[in-house]
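One structure below.
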Amino acid sequence: MSDEGIQFADLVFHEEIGAGLFGSVHRGEYLATEVAIKECFRDTAFDFEKYFTREVDMLR
């Protein structure tokens with residue numbers, strides 16, 4: 004996968020499988036591959052970009 008990003012239109016959302024302080028997690032598909040999709044809540048009380056970047060770095 005390149006650093007250009009994932010096209011939202013390529014994601015297929017299924018049921019919610021979890022939720023937390025920053026968002027919810029759904030079972031889904033990306034280009035016919037089963038994936039977990041994290042959907043972040045929009046809230047100005049948190050620095051989402053900082054936490055999201057940290058989480059992505061941990062997954063790499």
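Quick note: the sequence shown, position 53, residue 56 per the numbering used here, numbers continuous.
Using N, Cα and C, we set each Cβ at its ideal position, and we do this for glycine too.
Distance between beta carbons of residue j and residue i, contact taken as under 8 Å
i, j, result
"Gly26", "Glu37", "At roughly 19 Å, the Cβ-Cβ gap does not stay under 8 Å, so Gly26 and Glu37 are not in contact."
Classification of residue i by the beta-carbon crowding that lies within 10 angstroms, buried from 16 upward
i, result
"Met4", "Its pLDDT being 48, under 50, Met4 is placed unreliably in this model, and the value from its coordinates should be taken loosely. Under this definition Met4 is an exposed residue."
"His17", "exposed"
"Ile9", "exposed"
DSSP state of residue i mapped onto helix, strand, coil
i, result
"Leu14", "strand"
"Arg57", "helix"
"Glu7", "coil"
Cα-Cα separation between residue i and residue j, rounded to whole angstroms
i, j, result
"Asp50", "Glu19", "24 Å"
"Met61", "Ala35", "24 Å"
"Gly23", "Tyr33", "22 Å"
"Arg45", "Tyr54", "13 Å"
"Glu7", "Thr56", "15 Å"
"Glu52", "Ala12", "22 Å"
Spatial neighbours of residue i in its chain, beta-carbon cut-off 7 Å, leaving aside the 5 residues before and after
i, result
"Leu14", "Gly31, Tyr33, Ile40"
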